[in-house]
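Encoded as structure tokens, the structure appears first; notes follow it.
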Amino acid sequence: MAQRTRYRAPSASCSDPHRVGFGIRLLRLLVTGCPPDRKKKQVRITADVDGRLGAVRSPVVIDAEKLSKQSRALRCQAPKNDRKPASPFHPQAVKVPAPMDDDYGIVEYFYEHSGHRCGYCKSEASSISCGMWAHRMTAGIYDALLNRGWRRSGEYCYKPMMQKTCCCQYAIKLDVDNFKLSKSQKKILKKVHKFLASGKRSDAGEPDEKGDHCASPAGDSVMDVPDFSHKKSDVQTELKACDLNLTEDAATSGETEEAVASEPMDQQPPGKPVESSEVDTASKPEKTTHVPKKGLGADPNKPKCRKARDIRREKRLRKLSEGGGDLSPGREQALKFAKKPKNEPKSLEEFLFEPLPEDAAHKLEVQTVVSDGSSPEFGATFWQSWKLFERYQMQVHKEPASQCDKASYRQFLVNSPLQCDPKGPYSLGSFHQQYWLDGKLIAVGVLDVLPTCLSSVYLYYDPDYSFLSLGTYASLREIAYTRELRKLCPSIKDYCMGFYIHTCPKMRYKGNYSPSRLLCPETYTWHPIEKCRPLLDVNKYSRFEEDPQKGDENAVRNLDEVFVLFNRTVIPYRRYRRIKGDDDRAEVKEFASLVGRSNLKKLFLYRKS
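Read in my numbering, the sequence shown has 73 at position 73, and its numbers run on one by one without any break.
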């Protein structure tokens, strides 16, 4: 059945075929894009197709398939040399976003530059940032915003004003493929393994290095950002009444994400010696005429010889599995890495999944659940997660109980604007990674799985287990988890650790995860932290790009590239100005410069009616 739409008919006195024809073409651009074989969707868009502002007629229903025929007929009636001056309704002046496969976001920008409390230097009104409330956002859009210095706290996205704020916060990423363990990180992994195996606590319960509350990349305080939640309800109510259905024709969108096929794991570990007797014998010269008869060599039908240590290790795992015990993911990883290549250092996975004895004192399990409420595991453990968060905030960060209630927990660590998008063997969206020790929840890591990285949002844990350095241990587990996701989605290559603050000694630890890169605040390019540290030793704000001629390649050249959601309709900003004026031009200009040109095609700025 043909798609049907509602629009305002042109005025009866309007006989100009240019205006009527363009109005129909504009309406066609707004409502078409869904092929006939797709499921029928009712799209309600009110469009003024009359060339004269103020002409109002009763809405009529018209078949969308007839629009193209009517448009061609009206164009044939118009003189070819009759050119009209440019106007907001002229085809060259109006740009409509291409059809998208639900790949769009709706945000409300807050044009406020007042200072608020800084969680790092503890100043009361010196931390300055810009922010927006994300009513809807895809993982791909948020991934692109991370590359421009944005972070989220719940549904609120913020970006520090680097030249005005007290503590400059630089986005930091880690290349997981080339990650190298430090001596202190190896020490922590061995300490956790020793505790699980024997139950012995090391260092008499003292926290590791600077204190574990500041030893995790996910340790940024989410409570020290402006609270604009009171402004969300009004906007959300209007959006619920808005029937904004974007078409699902992903083939016509030039910005949609491409599905990535999974890569098979290597069947043969690197560094394995070549087992071929023929190569060596062929290279040796013959010394006598009586050459001994060659042996048949190893039987290819039989398994290759292995070290007795590896065989004993697999037997222990097999015995544990057959004896009725659960083969946890950690032990499965241990079985995978049982055969270690020669002359290679111990990898992160080998440290994490080192086999435990059969009579291990403790059992640690890591469970990843969706945090949007659709997961029954998350719903069943919500109370435990919240009480753990409350205890952590009150004891470690000295927060009052009023700021750690259930509503605050939902607002900052449960609610997320990211749409959970399961495609292929992996899922994009927000998750909670839970750490269970002997059936007791001791830590939770809040994660965002994005198309190119895994973003660590926050981590909280039981203070009674601070002797295990759970902050560092959890970050190492998340790096290994990122590597595992990379096997399913090769585009995931980075571990995003939030912000690096050079002027705050408690936040410099993030640079110990190597190799890390910092984001230049002017060109939005990534640079090795080793080259950035000398610059930050001189000035707290610094440009990392060495080329002085290079600028922001994703800068917005024209505000006409901005699309706004106004009166339940997505329209170009130029048309919005003709209706409401340009009093908010400075606000829209700042918003566009901060999110970048590529994001404006999918990110619609909400404007109140």
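Ideal placement from N, C-alpha and C gives every residue a C-beta, glycine not left out.
Please report the straight-line C-alpha distance between residue 580 and residue 567, rounded to a whole angstrom. 11 Å
Is the beta carbon of residue 483 closer than 8 Å to that of residue 176? Taking 8 Å as the Cβ cut-off, residue 176 and residue 483 qualify as a contacting pair.
With C-beta atoms as the reference, is residue 120 less than 8 Å away from residue 507? yes
Residue interval of the alpha helix (DSSP H) (run including residue 393): Membership of residue 393 in the alpha helix (DSSP H) is indicated by the continuous run 382-395.
Between the stretch 153-167 and the stretch 180-191, do at least 3 Cβ pairs fall closer than 8 Å? no
Among residues of its own chain, excluding the 5 on either side of residue 591, which ones have a beta-carbon nearer than 7 Å to its beta-carbon? 109, 605
Residue 399 in three-state terms, based on DSSP: coil
Pairs of beta-carbons, one from the stretch 447-461 and one from the stretch 475-495, closer than 8 Å: are there three or more? yes
For residue 94 and residue 128, I'd like the C-alpha separation in whole angstroms. Any reading at residue 94 is ruled out, since the residue's pLDDT is 29, under 50, leaving its predicted position unreliable.
Go ahead and label residue 596 buried or exposed: buried means 16 or more other beta carbons lie within 10 angstroms of its beta carbon, across all protein chains shown. buried
Determine the DSSP secondary structure at residue 497, reduced to helix, strand or coil. Strand at residue 497.
Buried or exposed (CB count within 10 angstroms, at least 16 for buried), residue 79: The predicted model places residue 79 with a pLDDT of 43, which falls under 50 and marks its position as unreliable, so this point remains unresolved.
In terms of DSSP beta bridges, what is residue 129 paired with? 160
Helix, strand or coil for residue 193, going by three-state DSSP, please let me know. helix
Verify whether the separation of the beta carbon atoms of residue 188 and residue 473 is less than 8 Å. Closer than 8 Å, so yes.
Alpha carbons only, please: which of 379, 398, 440, 391 is nearest the one belonging to residue 414? 379
Residue 479 and residue 453 look like a contact to me (Cβ under 8 Å); what is the Cβ gap, rounded to whole Å? The Cβ separation is near 11 Å, so there is no contact.
Pick helix, strand or coil for residue 345, following the three-state DSSP scheme. coil
At 3 residues or longer, what runs of the beta strand (DSSP E) sit wholly inside the stretch 425-489? 426-437, 440-449, 453-461
Own chain residues within Cβ distance below 6 Å of residue 168, not counting five before or after: 162, 540, 541
Out of 598, 526, 117, 419, state which residue places its alpha-carbon closest to the alpha-carbon of residue 555. 598
So which of 147, 102, 395 has the shortest CA-CA distance to residue 522? 147
With distances taken between CB atoms, is the gap from residue 573 to residue 560 smaller than 8 Å? Result yes, Cβ atoms of residue 573 and residue 560 sit closer than 8 Å.
Check residue 105 in the structure and name its three-state DSSP category. strand
8 Å contact criterion, which residue 362 and residue 196 should meet: CB distance rounded: 5 Å
Which same chain residues end up closer than 7 Å to residue 36 when comparing Cβ atoms and leaving out the 5 residues on each side of it in sequence? Note that residue 36 scores 46 on pLDDT, short of 50, meaning its location in the model is unreliable and no value can be drawn from it.
Relative to the C-alpha of residue 117, which candidate in 133, 166, 557 has its C-alpha closest? 166
Can you say whether residue 458 is buried or exposed, counting buried as having 16 or more other CB atoms within 10 angstroms of its CB? Note on residue 458: 16 or more other CB atoms within 10 angstroms of its CB, so buried under the neighbour-count rule.
Which term fits residue 112, buried or exposed, when burial requires 16 or more other beta carbons within 10 angstroms of its beta carbon? exposed
Kindly identify the DSSP beta-bridge partner or partners of residue 175. 494
Under the three-state DSSP convention, the category residue 572 falls into: strand
Per DSSP, what kind of secondary structure is residue 356 in: helix, strand or coil? coil
Just curious, the beta strand (DSSP E) that residue 516 is in, first and last residue? Run containing residue 516: 516-519, per the beta strand (DSSP E) assignment.
Under 7 Å: does the beta carbon of residue 156 sit that close to some heavy atom of the ligand SAM? This structure lacks the ligand SAM, and indeed carries no ligand of any kind.
Nearest-angstrom Cα distance between residue 364 and residue 383? When rounded, the distance between both Cα atoms is 20 Å.
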